[in-house]
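Comments concern the structure below.
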Amino acid sequence: MQPVQPVGVFDSGVGGLTVAREITRQLPAETIIYYGDTAHVPYGSRTVDELIGFADAIVGFLIAQGAKAIVDACNTTSAVALPYLQKKYHVPIVGVIEPGVIEALRATRNGRIGVIATEATIASNAHRAALLARSREVQVFTRACPKLVPMVEAGLVSGPEVEAAVAEYVKPMVEAGIDTLILGCTHYPFLAPVIQEVAGPGVTLIDPAAATVRELKEVLAAGGGLRGAHCSQAHSFFVSGDAQAFSNVGMQLVGWPELKSTRKLKLD
Ligand code: DGL
1 MQPVQPVGVF DSGVGGLTVA REITRQLPAE TIIYYGDTAH VPYGSRTVDE
51 LIGFADAIVG FLIAQGAKAI VDACNTTSAV ALPYLQKKYH VPIVGVIEPG
101 VIEALRATRN GRIGVIATEA TIASNAHRAA LLARSREVQV FTRACPKLVP
151 MVEAGLVSGP EVEAAVAEYV KPMVEAGIDT LILGCTHYPF LAPVIQEVAG
201 PGVTLIDPAA ATVRELKEVL AAGGGLRGAH CSQAHSFFVS GDAQAFSNVG
251 MQLVGWPELK STRKLKLD
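Heads up, the sequence shown is in this note's numbering, so the first residue is 1 and it goes up one at a time.
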């Protein structure tokens with residue numbers, strides 16, 4: 001890999017912007033090429049075969065665009081497609097499940113860890129398996145939250161409708177005594193203020209983005225691909241669905257002017 005090459009990032013929609021945002025914080029010299037598969041969002045209700053097919057096409061595209069490393073900024077595809085992708089492609093691919101799990105195990109004091117995620121992620125058991133593989137001491141409480149991704153995709157991140165949905169999903173876990181809650185979908189950090197309000201001050205929210213980008217930094221450094229100087233080019237954004245809708249919601253959530261140049265590019 002060469003430092004000048006971009007970092008590829010993908011998700012079903014705007015959720016991966018929470019990870020891209022963290023890349024701009026920790027690695028401000030890097031240029032990002034982002035793919036949001038908005039024609040197929042939400043991924044949470046897709047089958048494993050569909051998810052592997054979508055992720056495969058996107059990774060192939062990002063590599064063809066010159067990506068030196070790729071962040072699978074989607075828990076759902078990280079849960080079901082990552083081993084397949086890592087085996088197929090030689091470009092390093094970093095997922096979001098393990099980094100979040102490691103952070104959660106560091107944060108918990110009582111060993112009761114909650115995970116909120118999409119239906120497909122929860123059905124995969126990826127977080128539970130990764131947590132229990134590292135610690136036999138923890139108790140894991142999981143909850144699929146199908147209402148949340150469509151809200152974030154529509155730019156709805158606060159207000160009564162969001163509060164009611166978050167309360168429905170998170171309150172039972174708080175009542176079960178969790179002290180740590182993994183935001184197991186990259187869309188959810190945009191809802192963090194509401195989730196923290198519902199969970200209360202005794203629960204630590206884990207956004208896997210920070211630990212994921214630390215891992216990315218290690219991967220780039222190990223491959224000699226870390227970009228040193230602050231001379232990055234503009235980030236570029238591609239979607240499979242409505243470019244204007246993605247750009248509008250992305251601008252609302254992270255406010256990067258480059259989002260206005262989002263291009264529609266279907267891969268199938
Ligand atoms: N943001 C993704 C995740 O982390 C996918 C959400 C979805 O499309 O259902 O799982």
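Each residue gets a CB set at the ideal place from its N, CA and C atoms; glycine is no exception.
Residues that DSSP places opposite residue i in a beta bridge
i	result
G233	Note on residue identity: the sequence assigns Gln, not Gly, to residue 233. Per DSSP, none; premise fails for Q233.
Y35	F10 and F238
K264	V239
I353	A query on residue 353 cannot be resolved here, the shown segment of the chain reaching from 1 to 268 and no further.
Where the beta strand (DSSP E) through residue i begins and ends
i	result
L205	T204 to I206
L62	Premise fails: L62 lies in the alpha helix (DSSP H), V48 to A64, not in any beta strand (DSSP E).
L183	T180 to L183
G114	R112 to A117
V140	Q139 to A144
V71	A69 to D72
Chain-order list of residues whose beta-carbon lies under 8 Å from that of residue i (same chain, five-residue window excluded)
i	result
L259	F237, F246, S247, G250 and M251
V96	V19, V71, D72, A73, C74, N75, S78, T186, P208, A209 and T212
A192	L183, L205 and D207
A229	A29
L105	I113, L131, R134, S135 and V138
G155	N248, V249, Q252 and L253
Beta carbon proximity, residue i to chain D, threshold 8 Å
i	result
S12	This model lacks chain D altogether; it includes just one protein chain.
For residue i, the first and last residue of its enclosing alpha helix (DSSP H)
i	result
G224	Run containing G224: none; DSSP gives neither H nor E here.
A20	L17 to Q26
Y169	P160 to E175
E153	L148 to E153
V194	A192 to A199
P83	L82 to K88
R128	A126 to R134
Cβ-heavy atom distance, residue i to ligand 1, below 7 Å
i	result
P42	yes
C145	no
D11	yes
G15	yes
V170	no
A117	yes
V149	yes
N75	yes
T121	yes
H127	no
Y187	Residue identity check: residue 187 is His in the sequence provided, not Tyr. Because some heavy atom of ligand 1 lies under 7 Å away, the Cβ of H187 counts as near it: yes.
Check whether residue i and residue j have beta carbons under 8 Å apart
i	j	result
T186	G15	yes
I195	I113	no
I33	P6	yes
K266	A39	yes
P28	V219	no
V101	R134	yes
S45	E161	no
H235	T47	no
7 Å CB neighbourhood of residue i in its chain, flanking five on each side removed
i	result
A209	T18, V19, E22 and P189
P150	P42
R109	D179
G66	Q5 and P6
Close-in-space but distant-in-sequence residues of the same chain around residue i (CB under 6 Å, 5 per side omitted)
i	result
T77	L51 and A55
G13	G36, T38, V41 and E153
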